[in-house]
Amino acid sequence: MTLYSIGLSALSAAQLGISTTGHNITNSSSTSYHRQSITQTSQTPQLTGSGFVGAGTMVTNITRSYNDFLDSQVRTVSGEASYLSTYLSQISQVNDLISSDNSISTGLSTFYNALSSVASTPASVSSRQSFLSSTEALVNQFNTMAERLNDLYSGADQQIQDSVAQVNSYTSQIAKLNASIVRIESTSGNQQANDLHDQRDALVNELNKIIQVDVTEDSSGFFNITTGNGQSLVVGTTANEVTSKRSASNPQKSDIYLSNGASDILLDSTSLSGGSLGALIDYRDVTVTNARNELGKEAMVLANAFNEQHKLGQDLNGNLGADVFSISSPSVYSNSNNVSTAALTATVSDYSSLQASDYKVAFDGTNYNVTRMSDNTVSSFTGSSFTLDGIDFSLSATPTAGDSYLVQPTVSGATNLSALISDTAKVAAGLPLTATAGTSNTGTSTLTLNSIDSATLSDSAFPAYGSTSAMRTFTYSGGAFTSSDSGDTITLSGNTVSVALSSGGTMSFTLSGTPSSGDSFTVGRNNSGTADSRNANLLGKLATAKLTNNGTATISESYAQLVSSVGTKTSQLDTEYTSQTTLLDSVTTAQQSFSGVNLDEEAANLIQYQQAYQAAARILTTAQKMLDDIFSLMS
């Protein structure tokens, strides 16, 4: 009977070995599976007169090949790889958009080329129509690109909401598995529920790809999951719900909150760093936001500069030029949690100082703290009206301490850009003033008007269109000019004549040739401006004028900086993702070498257990033969 018992124990152990090996083989393709193996030990021997006789074997446990360090490495590296992969795939759309052949750079080039044609043939209706068509085309390019960026922003926000739903699904399943694992293992003599552990590990890994998490196992066997800054997602058998809500400060986007049962905690970007969710938030709040703001800034700066110069010109009807483009106003949002009803208004007063940034205005009871959100620079003001980066801020009343406002000066600049002129006659290619040399002049010089300002055109001495009266007479004598208005100040520097009018206006002329003492020039209304292209030339100079970034960049250069910054970021992410993928392959290989299934090894184990099973069966056959012999002798 002892031999029977030994044979049965061997048969049982071999059968468990074959089952475990077969289980390994069938799960060889699962990356979340950890190889399992049986642990055998000999049973308690029996004492006989000849000594202790073995009683066979027993399987004490079926263990999985798990190494916490290796699995944690894979989890950490895969979370970062998920972040980089998601950010790279998203930012590539922005990079392709702004660097396409149909980009703003192409539109600006076409626009200024058409303007150059007007300057060459100001009386040509076809040239003027071509210019108006190119204006519409440029506006459409700004509008289309802005609409696409808005779609990308909304798309990222929707993906963030979808990711929140996935997070809740994973944390709920992990909490349920926590309960199942502890319950099952406590009733099974603390035998490990290997496959449930693998399921839980797989869920943690998937969760980690969305939000990079920290995992700790308590003494009861529960996995407790926290975010990078320690906010609890799973505690034992409880999963704290993550929700997405419209932002209190910015209704265009969703904020993420964690409910701990008592309150909702706002999870900022530091809480959600790493993983695809963190990438989506950074992409939405940094890359797309910066691109929208920069594009809007360029549209607004271009529109303002062009409008201001065009309004100083004269059209074919003899009227002063009108606005060519509409200009968007800053968007202002009061935080929905504000206590007071004080309203904030913002207007742009200096377009050259305009920054491609949102601003947060917060009142602490004494100071108005303004954060430029592109670089987190904080400026403090005591009065309810203040100016920063070319923006005038003004509060309608004193707010309550803690109230805040979001100001987006340029976010709608490209979206709301439109062309306002469709009549070719209203293109103000000429200038409303002209300088005419006196008939008695003996010198060879001419005086050509280069520029004027709006104050000049409002001068009370400025005559109506069609008038022949002179606005000013400038006389050359002793190397300098004097004016018929003694209040004017005239400066001659090289061949540039600068005039500061008594009324506050300014004009600039180019002096050509050599004047003689006593030569005079009369400045009056331009009554024959059909062939006048002076303002068209001045408008054309805006292409190379340093209009933005505090007078350090042209519109084209500013756009090129946007293309370069997004392109550089895309290239950086591509390089980092390639490196991270290589690292992930390395740590995964190390983890799989310890925990993964090797089919050759399992095939060898299968043969070994098969042979053991056959040998155990021979033991039983031998025992049966011995019993038969004994019974035969007894009969």
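For the sequence shown, the UniProt record's numbering begins at 1 and goes up steadily by one.
Backbone N, C-alpha and C define an ideal beta-carbon position, used for all residues, glycine too.
Model, not experiment: these values are computed from the prediction.
DSSP, read as helix, strand or coil, puts residue 187 in coil.
In terms of CA proximity to residue 328, 295 leads the group 545, 381, 399 and 295.
If you check the CB distance, residue 393 and residue 380 do not come in under 9 Å. Taking C-alpha positions only, residue 199 is separated from residue 27 by approximately 12 Å. Taking every protein chain shown into account, the CB of residue 184 has fewer than 16 other CB atoms within 10 angstroms, so this residue is exposed. Annotation: residue 5 to residue 624 spans about 12 Å, alpha carbon to alpha carbon. Within the same chain, and ignoring the five residues on either side of residue 538 in sequence, the residues whose Cβ sits closer than 7 Å to its Cβ are 309 and 451. Here residue 274 really is in contact with residue 79; their C-beta atoms are around 5 Å apart, less than 8 Å. Around the beta carbon of residue 88, 16 or more other beta carbons sit within 10 angstroms, so the residue counts as buried. With fewer than three CB-CB distances shorter than 8 Å, the region 215-228 does not count as touching the region 326-345.
Within the region 298-354, the runs of beta strand (DSSP E) at least 3 residues long that lie entirely inside it are, in chain order, 331-334 and 344-348. With contacts defined by Cβ atoms closer than 9 Å, residue 94 and residue 566 form a contacting pair. In this structure, the CA atom of residue 109 is about 12 Å from the CA atom of residue 101.
With respect to residue 342, residue 398 sits close: the two C-beta atoms are nearer than 9 Å. Using a Cβ-Cβ distance cut-off of 8 Å, the region 418-425 and the region 330-345 are not in contact, since fewer than three pairs of beta carbons, one from each stretch, lie closer than that value.
The three-state secondary structure of residue 366, taken from DSSP, is coil. In this structure the region 543-560 touches the region 346-356; the number of beta carbon pairs closer than 8 Å is three or more. Counted as a single uninterrupted DSSP element, the stretch harbouring residue 25 is not any beta strand (DSSP E) but the alpha helix (DSSP H) occupying residues 2-26. Of the residues assessed, residue 165 falls on the exposed side of the cut-off, its CB having fewer than 16 other CB atoms within 10 angstroms. In this structure, DSSP gives residue 144 a helical state, which the three-state scheme calls helix.
Nearest to residue 188 by C-alpha distance, out of 370, 351, 62 and 289, is 62. Residue 271 places its beta carbon less than 9 Å from that of residue 227.
The DSSP-derived three-state label of residue 241 is coil. In the same chain as residue 340, and ignoring 5 residues on each side of it, the C-beta atoms closer than 6 Å to its own belong to 399, 400 and 403, in chain order. Using a 10 angstroms sphere on the CB of residue 321, the tally of other CB atoms reaches 16 or more, which defines it as buried.
Boundaries of the beta strand (DSSP E) harbouring residue 392: 391-395, taken from the DSSP string.
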